[in-house]
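Colleague:
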Amino acid sequence: MRLPNKVISYNDSIISTFPIILGILKDKDYSIIELYDRIKASWDIECYIDALDSLFALGKIEIDEDTRRLHYVI
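Note that the sequence shown covers residues 39 to 112 in my numbering.
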């Protein structure tokens with residue numbers, strides 16, 4: 039997981055991806071694959087999964103078990 043420190047700047051860390059993911063999920067729920075297709079040009083899969091894990095752990099996103107879609111928690 040890339041967290042900001044002396045070597046890794048904020049812009050290169052996964053924390054900088056949180057507002058982008060949350061901004062996309064604010065308008066509509068997406069499946070994990072659909073969301074990755076929207077942003078894959080910007081990030082690699084490892085960074086994407088780390089960002090989703092962190093947002094889930096922070097309670098900012100959740101997965102709807104019925105539809106298997108990511109949902110932004112207000």
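Here a beta-carbon is modelled for each residue, glycine too, at the ideal position from N, C-alpha and C. It should be emphasised that the depicted structure is a prediction, and the values quoted were computed from it without experimental measurement.
Reducing DSSP to helix, strand and coil, say where Arg76 ends up.
Modeller: Helix, per DSSP.
Colleague: By Cβ distance below 8 Å, which residues in the same chain neighbour Leu63 in space, the five residues on each side in sequence not counted?
Modeller: Taken in chain order, the residues that qualify are Leu73, Ile99, Leu108, His109, Tyr110.
Colleague: Let me know if Leu96 comes out buried or exposed under the rule of 16 or more other beta-carbons within 10 Å of its beta-carbon.
Modeller: Per the 10 Å Cβ criterion, exposed.
Colleague: Considering only the alpha carbon of each residue, which of Asn49, Arg106, Pro42 lies closest to Trp3?
Modeller: Here the chain covers residues 39 to 112 and nothing more, so residue 3 does not appear.
Colleague: Pull up the distance between the alpha-carbon of Lys78 and that of Ile53, whole angstroms please.
Modeller: If you take the alpha carbons of Lys78 and Ile53, they lie about 16 Å apart.
Colleague: Who are the near neighbours of Leu93 in its chain, counting only those whose CB is closer than 8 Å to its CB and skipping five residues on each side?
Modeller: The answer, listed in chain order, is Phe56, Ile59, Leu60, Ile99.
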